[in-house]
DNA sequence: CATACTTATTGTAAATTATACAATATTATT
DNA sequence: AATAATATTGTATAATTTACAATAAGTATG
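Residue numbers (our numbering), protein chains in the order written: chain B, 1 to 229; chain X, 1001 to 1229.
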């Protein structure tokens, strides 16, 4: 089925901020645009919403069209609508964001994209439009989120060490944490299960591997927690 | 200056959720619509965004056009964009919300409105479109907000009693709080100043009146607090 | 094998904060 | 003087937070 252009909401788009974590940094998924406007630049996956398409459906579709990612659950971040944000005509964009495990997904640049790449959130290039601002807003949201909900299940491998999850929190909050206190507090949530396995292939004492107790994790995610660090 | 209809973004609107407090309940400002769609129904103040108008400017303009309210600082809530939300054609709305002191503002129904009225958030009529859902989302946001920022300056009269502010928190959170513990915790924030005045005209022991230390209040509002109750 | 190297793991005392709980104080009214 | 209504306050116990560094367990090296 070919969609005629009358199906497009010309003045409304969606952009996707996809966060991942590689044990050192928070990463953002960017695409190198193959077409104007913004040709040759790194940008967020984003495009127009269709006339008869719900917002979350549009975000999913656009993400897939640009990066090949499927089955990504995104939450709405907020709208960005400065009159000057898009150079050609007025476009209000509704930004979505998601957290995911980098290694669980494979990327496939779509037709409007020459390349997809994970970029460290601390070393982003200058992006077109207001995409840097959108990412900054998403980052703030993530920072806030981390204090009121458990996090990690979405970003860490299934089995992980306490050091890894501490690194995750440190990356998000951009602060150093006291290991002893962090561990006490984290273990106190009782959402971690000791797998009795250990790290392999490291040139030092191997750390214990943990996994999340999905049920308890989700319960706390709904309830909300108070995780001041 | 007459704006031609080409200045309107046909598929994008803004809706305003204005919260107030009357010492008993959280109130929402509604307007009775004078024109279709929704004629005769209570609804949120809302209308199209203009082509060359920033989102926050649009929200301010629409609020003023519908209710006469000026100088209201609104924050973006989120977008609502179900394809079915508006009966005539596709309209995505960007909702804003604000908190304000009811008695500080005077209402004046605009041309598309026959009446404006504060409605208790617990006794809302059925509103057209998805306006009930929008209010519910705003309420959740407020509930969340209260745990991470001080609140009250926007909703209470300049001088207020500790009982009033406790009522405010109880209304928002929809729970009963222990008076002794609440007061200890609140006073501990050190954002209240004892005015050494007292309530007047009550048929019982008059309560002390407090006011906010604006400087400290704003500082905590920026920093964020942890106000678990 | 002994030593160095690297990261993982753990405890404790002191301070602070949270919690549960009800008697007394102050005014206006009768 | 008694009543009615709401305001105000304290304390003991439990739980949590904070600051702080020594020891453990592997691998790598000579």
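No residue lacks a Cβ here, since even glycine has one placed at the ideal position from N, Cα and C. Predicted model, so just to flag it, every value in this text is computed and none were measured.
- In this structure, residue 1046 of chain X places its C-beta atom within 8 Å of the C-beta atom of residue 1015 of chain X.
- A check of alpha carbon separations from residue 1060 of chain X across X:1206, X:1221, X:1098 identifies X:1098 as the nearest.
- When secondary structure is reduced to three states using DSSP, residue 1035 of chain X falls in the coil class, being assigned neither helix nor strand.
- Around residue 1094 of chain X, the beta-carbon contacts reaching into chain B at under 9 Å are 78, 79, 81, 92, 94.
- Membership of residue 148 of chain B in the alpha helix (DSSP H) is indicated by the continuous run 131-148.
- Exposure of residue 175 of chain B is indicated by the presence of fewer than 16 other C-beta atoms within 10 angstroms of its C-beta.
- If you ignore the 5 residues before and after residue 208 of chain B, its C-beta comes within less than 7 Å of the C-beta of 161, 194, 198, all in its own chain and listed in chain order.
- For a cut-off of 8 Å, the C-beta gap from residue 1217 of chain X to residue 1153 of chain X is around 6 Å, short enough to register as a contact.
- Considering only X:1056, X:1027, X:1054, X:1091, the residue with the shortest C-alpha distance to residue 8 of chain B is X:1091.
- Residue-level contact by beta carbon fails for residue 1088 of chain X and chain B, as no gap is shorter than 8 Å.
- Take residue 1191 of chain X, set aside five residues on each side of it, and the residues of its chain with a beta-carbon closer than 7 Å to its own are 1150, 1212, 1213, 1216, 1217, 1220, in chain order.
- Taking C-beta atoms under 8 Å as the contact rule, residue 1167 of chain X and residue 1024 of chain X qualify, at a distance of about 7 Å.
- Remark: C-beta atoms of residue 1115 of chain X and residue 1109 of chain X approach each other more closely than 8 Å.
- Using a Cβ distance threshold of 8 Å, residue 1021 of chain X and residue 1107 of chain X do not count as a contacting pair.
- Below 8 Å, enough C-beta pairs join the region 1073-1092 of chain X and the region 1127-1145 of chain X to call them touching: three or more.
- Among the residues of the region 1209-1227 of chain X, those with a Cβ less than 9 Å away from any Cβ of chain B are 1224, 1226, in the order of the chain.
- Residues of chain B whose Cβ lies closer than 8 Å to the Cβ of residue 1053 of chain X are, in chain order, 83.
- With a threshold of 8 Å between beta carbons, residue 11 of chain B makes contact with chain X.
- Residue 62 of chain B sits in a helix when the DSSP states are folded into three classes.
- Note on geometry: alpha-carbon atoms of residue 70 of chain B and residue 142 of chain B lie some 22 Å from one another.
- Closest by C-alpha distance to residue 1145 of chain X, out of X:1127, X:1169, X:1126, is X:1169.
- Contact between residue 1042 of chain X and residue 1030 of chain X is confirmed by a C-beta separation of about 4 Å, below the 8 Å threshold.
- Rounded to the nearest whole angstrom, the CA to CA distance from residue 49 of chain B to residue 13 of chain B is 5 Å.
- Here the C-alpha atom of residue 18 of chain B lies approximately 56 Å from the C-alpha atom of residue 1206 of chain X.
- Within its own chain, the residues whose Cβ lies closer than 6 Å to the Cβ of residue 1064 of chain X, once the five positions on either side in sequence are excluded, are 1070, listed in chain order.
- Per the C-alpha coordinates, the member of B:96, B:27, B:228, B:78 positioned closest to residue 124 of chain B is B:27.
- Going by beta carbons, residue 1121 of chain X and residue 1139 of chain X fall inside the 8 Å limit.
- Distance from the Cα of residue 1112 of chain X is smallest, within the candidate group X:1178, X:1033, X:1127, for X:1033.
- For residue 205 of chain B, no beta strand (DSSP E) run applies, since DSSP gives it neither H nor E.
- Considered as a whole, the region 76-131 of chain B harbours 92-99, 113-120 as its complete beta strand (DSSP E) runs of no fewer than 3 residues, in chain order.
- From the listed residues B:225, B:229, B:201, the smallest Cα separation to residue 177 of chain B is found for B:229.
- Here residue 1182 of chain X carries a helix assignment [DSSP, helix/strand/coil].
- Here DSSP, grouped into helix, strand and coil, assigns residue 194 of chain B to strand.
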